[in-house]
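Colleague:
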Amino acid sequence: SNGETSPTVSMAELDHLAHVVSKSHLETCQYLREELQQMNCQNFLQDEVESYQKKPREVMWQLCALKITEAIQYVVEFAKRINGFMDLCQNDQIVLLKAGSLEVVFIRMCRVFDSHNNTIYFDRKFAGPDVFKALGCDDLITSVFDFAKNMSSLHLTEEELALFSAFVLLSADRSWLQDKLQVEKLQQKTQLALQHVLQKNQREDGVLNKLRCKVSALRSLCSQHTEKLSAFRAIYPDIVRTHFPPLYKELFGA
Amino acid sequence: KEKHKILHQLLQNSTSPVDL
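Residue numbers (the numbering used here), protein chains in the order written: chain A, 750 to 1003; chain B, 378 to 397.
(1) Could you tell me whether the Cβ atoms of Gln842 of chain A and Leu388 of chain B are closer together than 7 angstroms?
(2) In terms of DSSP beta bridges, what is Asp863 of chain A paired with?
(3) Examine chain B for any beta-carbon lying closer than 7 angstroms to the beta-carbon of Cys778 of chain A, and answer yes or no.
(4) Give me the chain B residues within the contact set of Ile843 of chain A, using Cβ-Cβ distance strictly less than 8 angstroms, ordered along the chain.
(5) Enumerated in chain order, which unbroken segments of the alpha helix (DSSP H) with a length of 4 residues or greater are wholly contained in the segment 810-893 of chain A?
(6) Should Glu999 of chain A be flagged as near chain B, meaning a C-beta pair shorter than 7 angstroms?
(7) Between Val825 of chain A and chain B, is the shortest Cβ-Cβ distance under 7 angstroms, so that the two count as touching?
(8) How many angstroms separate the CA atom of Thr891 of chain A from the CA atom of Ser759 of chain A?
(9) Taking C-alpha atoms, which residue in A:Cys778, A:Met835, A:Leu905 and A:Gln786 lies nearest to Ser391 of chain B?
(10) Let me confirm a value: Cys838 of chain A is counted as buried when at least 16 other C-beta atoms fall within 10 Å, else exposed. Which label applies?
(11) Excluding five sequence neighbours on each side, which residues of the same chain lie with their C-beta closer than 8 angstroms to the C-beta of Leu397 of chain B?
(12) Taking the beta carbon of Cys778 of chain A as the centre, do at least 16 other beta carbons fall within 10 Å, making it buried, or is it exposed?
(13) For chain B, check one thing: does any of its Cβ atoms lie closer than 7 angstroms to the Cβ of Pro995 of chain A?
(14) Kindly indicate which three-state DSSP category Gly752 of chain A falls into: helix, strand or coil?
(15) Rounded to the nearest angstrom, what separates Leu978 of chain A and Cys813 of chain A at their Cα positions?
Set out below in structure tokens:
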């Protein structure tokens, strides 16, 4: 209807797509917001923060690699349940997951981010940026927390988050895709569903643009992560080789 | 395929190793 070359999709189809993607997101989101509230999770106490800070750099890296890998496994399961994803050839499924799974983990982080005290759910409690000091990459940690803060300030519903996650995962501009056109079709449909849901929820017009801007922020976070990993690996090649999760190494070329 | 063995497995399994 806006004159662009978008696929013709009925409102009923968009509602159905939004419903399926939202259901898949909730089934695979690792933590439900209500569960975290019920668990009455606390912030780390000062001595606990100090014990994380005193951990050897490689031990903290290993712990974070493990947590990221766990979160990514849920994202893979989410991807598998997105309409049309499993119809793509396996090369393209892998290309999209290699490029997009960490981005979706970063998006999902805003669900477990407490904006009142700038903390994030990690290792069974809420942690501020200082908990991650031993990693030796304060700039990346600051960027991740800033991103979570900005995302959570948009107050997206689970349905909106689900569709935005699917939209990011189905990015048709990733290198090495065999059937770009097919991915583009899926991404366009997802964007229409997201637009439809935002309108239905009477969100102001700027939200979709704000979300589009987040795409480049996500790419920047992922490239920062890759740089930090390369720097870490240069110093501790054996730790990465023998102690990091195989899926993490497969995804990030470690 | 060898390079992405685990991703292949996760994509092919009807359920992932994570306890959903």
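Note that CB positions come from ideal geometry on N, CA and C, so glycine has one too.
Modeller: In short, the structure shows the following:
(1) One-based indexing of the first sequence puts residue 842 of chain A at position 93. One-based indexing of the second sequence puts residue 388 of chain B at position 11. For Gln842 of chain A and Leu388 of chain B, yes; Cβs fall inside 7 angstroms.
(2) Here residue 863 of chain A corresponds to residue number 114 of the first sequence, with the count starting at 1. Note: Asp863 of chain A sits in a beta bridge opposite A:Thr868.
(3) Taking the first residue of the first sequence as 1, we reach residue 778 of chain A at position 29. Not closer than 7 angstroms to any Cβ of chain B, the Cβ of Cys778 of chain A fails to qualify, so no.
(4) For the purposes of this step, residue 843 of chain A is identified with residue 94 of the first sequence, where counting begins at 1. His381, Leu384, His385 and Leu388, listed in chain order.
(5) For the segment 810-893 of chain A, whole alpha helix (DSSP H) runs of length 4 or above, ordered along the chain, are 839-858.
(6) Along the first sequence, one-based indexing puts residue 999 of chain A at 250. Closer than 7 angstroms to some Cβ of chain B, the Cβ of Glu999 of chain A qualifies, so yes.
(7) Reading the first sequence from its first residue, position 76 is the one you call residue 825 of chain A. At a cut-off of 7 angstroms between C-beta atoms, Val825 of chain A counts as an interface residue with respect to chain B.
(8) For this step, residue 891 of chain A is matched to residue 142 along the first sequence. For this step, residue 759 of chain A is matched to residue 10 along the first sequence. Straight-line measurement puts the Cα of Ser759 of chain A at about 42 angstroms from the Cα of Thr891 of chain A.
(9) One-based indexing of the second sequence puts residue 391 of chain B at position 14. Selected option, being the one with the closest Cα: A:Met835.
(10) Along the first sequence, one-based indexing puts residue 838 of chain A at 89. Classification of Cys838 of chain A: exposed, given that the 10 Å Cβ count is below 16.
(11) Looking up residue 397 of chain B in the second sequence gives position 20. Low per-residue confidence applies at Leu397 of chain B: pLDDT is 42, beneath 50, and the placement is therefore not dependable, though the value from the model is reported in the following sentence. Closer than 8 angstroms at the Cβ level, and outside the excluded window around Leu397 of chain B, lies no residue.
(12) Position 29 of the first sequence, counted from the start, is the residue given in the question as residue 778 of chain A. By the beta-carbon neighbour count (other beta carbons within 10 angstroms, threshold 16), Cys778 of chain A is buried.
(13) Mapped onto the first sequence, residue 995 of chain A falls at position 246. At a cut-off of 7 angstroms between beta-carbon atoms, Pro995 of chain A makes contact with chain B.
(14) What you label residue 752 of chain A is simply residue 3 of the first sequence in a count that begins at 1. Bear in mind that a pLDDT of 46 at Gly752 of chain A, under 50, signals an unreliable position, so the model cannot answer this.
(15) Here residue 978 of chain A is taken as the residue at index 229 of the first sequence, counted from 1. Here residue 813 of chain A is taken as the residue at index 64 of the first sequence, counted from 1. Each residue's alpha carbon lies about 11 angstroms from the other.
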